[in-house]
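Under the working numbering, think of the first position of the sequence shown as 19, with each following residue one higher. Read the structure below first, then the notes.
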Amino acid sequence: MTGTATTAPAPIAATSEVELLIGGMTCASCAARVEKKLNRMAGVTATVNYATEKAKVTYPADTEVADLIATVVKTGYTAEEPAPVSAEPAPEDPELTSYRHRFTVSALLAIPVIVLSMVPPLQFDNWQWLALTLAAPAVIWGGWPFHKAAWTNLRHGAATMDTLVSLGTLAAFGWSLWALFFGDAGMPGMRESFRLTVGGMDGASTIYLEVASGVVAFILLGRYLEARSKRSAGAALRALMELGAKDVAVVRDGREVRIPVARLAVGDRFVVRPCEKVATDGTVVEGSSAVDASMLTGESVPVDVTVGDTVTGATINAGGRLVVEAVRVGADTQLARMAKLVEDAQNGKAEVQRLADRISGVFVPAVILIAVATFGAWLGLTGDAVAAFTAAVAVLIIACPCALGLATPTALMVGTGRGAQLGILIKGPEVLESTRRVDTVVLDKTGTVTTGRMTLQKVYVAEGTDETELLRLAGALEHASEHPVARAVAVGAEERVGTLPPAERFENVPGRGARGRVEGREVAVGRLYETLPEELTRAKGEVESSGRTAVVVGWDGAARGVVAVADAVKETSAEAVRELRALGLTPVLLTGDNRAVASTVARAVGIAEVIAEVLPEDKVDVVRRLQREGRTVAMVGDGVNDAAALATADLGLAMGTGTDAAIEASDLTLVRGDLRVAADAIRLSRRTLSTIKGNLVWAFGYNVAALPLAAAGLLNPMIAGAAMAFSSVFVVTNSLRLRTFR
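Given below as structure tokens:
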């Protein structure tokens, strides 16, 4: 017997994911180096974010986290797994404190040096030696972080922004020492004037102490402002985690026992008093109140809750005493999941950022070569060593690619953080590009445009029948049924006429309605009457032609009225559709309901294009058909049957009131069940993307314009240092404007 040998497919290697906190990075090229080294490891995929100072690493089973940390350490930086996010306020960053102290001292020392060097009338005999005394600690101690990082990188055969700063300031300081001790600059009576450009100076009598100390002070200021701004950019995520309660009163053996929230378990019952925070996600088992969820959803109006309703951790009980049964705790809560989504988005990289990272990785070595070439060209063409040196130092200092590295991550941090405060969760940076291209938005009807709950909308009564009596009898009978239409009639009747009498001998008639005895009358509700009075026949036809459900009510053998029941349109849906149109989007209503119902809802909210009677499994085909027509499609939904369509759409938006499957499949999650938030989410995403692009245009334009000016000798090195420092500050400040998004 012969046969063909078959080779079993190789099993897919299992991988794990870890997040590492990276220390010692001072610019985007540092992040690029760490990322490059990690990605060289077999089977490892890493993304390093300079703004968040974190590395997201996927690694194979045969690699240990310790191996990843060792690789980072060998590259010249530190790495550790971050501690669990704490709700306690974060202590001040020691790096921030260090930069502030060094800048304060360096600025106090550098200002007299700069003033003396720039204003000849103030230059007394031997002023240059006072300038040296003041400049030396500013350059050596103040600039120590740059010199230390440059030396560490040099030992690892690399160059970063610190290399440029250290080279430039030490070169200026070294030249000054040579001119003072071995040239004519140390002679009593030496005078010097400040110039914006280079050239026309005697090398032996020229000192650059104002450049060396001034550049250190400017860049320390830039680093301090940058570090503080990065901390501000991440403040929204920290604020989100600080929303949670610290402890909780748990009911044990009939007594209240106060314990830390971390010890709360699923199934525990806990008490929430007025003005207290709800400790975790759960279900109300006792009491009624109003709950303020504005911190999580941005919704300012408290929501009424009673027994059976769900409440979310970190919301505030604004009314009465509640007893809640814990349903989700720890990392499973909505607050924790929101924080994880925001953190993942902040740690990700947009495509434009990857380009910036690649440029930053080769930029520093290129700048050093340009500086050497500038020195050689000036020396060869003019023979002026001072001018050549000054131009080369200006090139070194002006060209730092810091702004390039901060352009995307700071805008992303602020944008996603602001979104979280407004109840908008952006899954990742790639989502931003999608929001710009979208031109069609498909809206699932039930639960998105409508409430998803049947409600009593209108009552028609036959001549001689009292509407209040009809509602009392119909509501009493339907109160005994669990059918959605019956519940709508019962709840609507109770709201309009108050307490309902009890029903006796209740009988459900499958597919037709229900009958029973109420207050001595034989009541029937549904489709149990063969003939109707003429006015009720007209009313029933009017209700059904408008896409609503007609329920006939009667007693003692005669039909007495018709009630209209329908899935009510949300009050905010029409306004939301107008806002989506204002963004240039064409709304499409998608539903499995019949066309009459769909058309009624569409008219109510102002949608012209309706796709009705679609089976849940066919929603994906509808999205694909629209895409084949050349449209870029956003889909808004909330149910399990929307998950596949949300994943297929170019942009998926899940209502946070919906199912986990829908939320998992989406690109944007709208924590509040309000369709207007969809328009807000798209506006915020587009604003964040335009901020990123504006930052990159500035960062690229700055470097492209500044390098030729410096090489041409048109920039004094100190002016170059100030411009470089404030280019980074500009980028971060521009990103922080997103915090004002409304």
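Idealized CB from N, CA, C, for every residue including glycine. Owing to the predicted nature of the structure, the values given are computational and were not obtained by experimental measurement.
Counting of Cβ neighbours within 10 angstroms places Cys-293 among the exposed residues, the total staying below 16. With a cutoff of 9 angstroms on beta-carbon distance, Glu-98 and Gly-41 are scored as near each other. Judged by DSSP secondary structure, Thr-555 falls within the alpha helix (DSSP H) whose first and last residues are 552 to 563. Closest in C-alpha terms to Trp-193, from the list Gly-207, Arg-173, Met-179, Thr-224, comes Thr-224. Judged by beta-carbon spacing, Val-689 lies beyond the 9 angstroms limit of Ile-388, meaning their Cβ atoms are not closer than that value. For the 9 angstroms CB-CB criterion, Val-580 and Ala-614 do not form a contact.
In the structure shown, Phe-524 falls within a strand segment according to DSSP collapsed to helix, strand and coil. Around the beta carbon of Arg-436, 16 or more other beta carbons sit within 10 angstroms, so the residue counts as buried. The straight-line gap separating the alpha-carbon atoms of Thr-567 and Lys-463 is approximately 16 angstroms. Runs of the alpha helix (DSSP H) lying entirely within the stretch 454 to 525 and spanning at least 4 residues, in chain order: 485 to 496, 502 to 515. Positions of the beta strand (DSSP E) runs, each at least 3 residues long and wholly inside the stretch 159 to 226, cannot be given because no such run exists. Counting the other CB atoms within 10 Å of its CB gives Pro-519 a total below 16, which places it among the exposed residues. Within the same chain, Cβ atoms closer than 6 angstroms to the Cβ of Glu-35 are found at Thr-76, the five residues on either side in sequence being excluded.
Listed in chain order, the non-local C-beta contacts of Thr-298 below 6 angstroms within the same chain comprise Leu-282, Gly-331, Ala-344, Val-347, Thr-351, local neighbours out to five positions each way being set aside. Boundaries of the beta strand (DSSP E) harbouring Pro-78: 72 to 78, taken from the DSSP string. Between Met-653 and Val-460, the C-beta gap is smaller than 9 angstroms, which places the two residues in contact.
The residues Ala-494, Leu-495, His-497, Ala-498, Gly-534, Arg-535, Val-536, Val-541, in chain order, have a CB closer than 8 angstroms to that of Ala-521 in the same chain once the five nearest residues on each side in sequence are set aside. When the five nearest sequence neighbours on each side are left out, the beta carbons in the same chain lying within less than 8 angstroms of the beta carbon of Arg-642 are those of Thr-666, in order along the chain. Annotation: the continuous beta strand (DSSP E) that includes Ile-629 extends over 627 to 629.
Close CB contacts of Leu-733 within its chain, under the 7 angstroms cut and outside five residues either way in sequence, are with Ala-412, Ile-416, Leu-727 (chain order). Judged by beta-carbon spacing, Phe-381 lies beyond the 9 angstroms limit of Asn-713, meaning their Cβ atoms are not closer than that value. In the three-state DSSP reduction, Glu-304 falls in the strand class (E or B).
Here Met-43 is buried: its Cβ has 16 or more other Cβ atoms, across all protein chains shown, within 10 Å.
Arg-455 and Lys-72 have their C-alpha atoms spaced approximately 30 angstroms apart. Between Thr-709 and Leu-664, the C-beta spacing is not below 9 angstroms. DSSP, reduced to helix, strand and coil, places Asp-585 within a strand of the structure shown.
Contact annotation: the stretch 129 to 145 does not touch the stretch 167 to 182, with fewer than three C-beta pairs closer than 8 angstroms. Between Thr-590 and Arg-694, the gap from beta carbon to beta carbon is short of 9 angstroms. Beta-bridge annotation (DSSP): Trp-145 is not paired with any residue. Scanning Ala-662, Gly-544, Ala-586, Val-289 for the CA closest to the CA of Val-619 turns up Ala-586.
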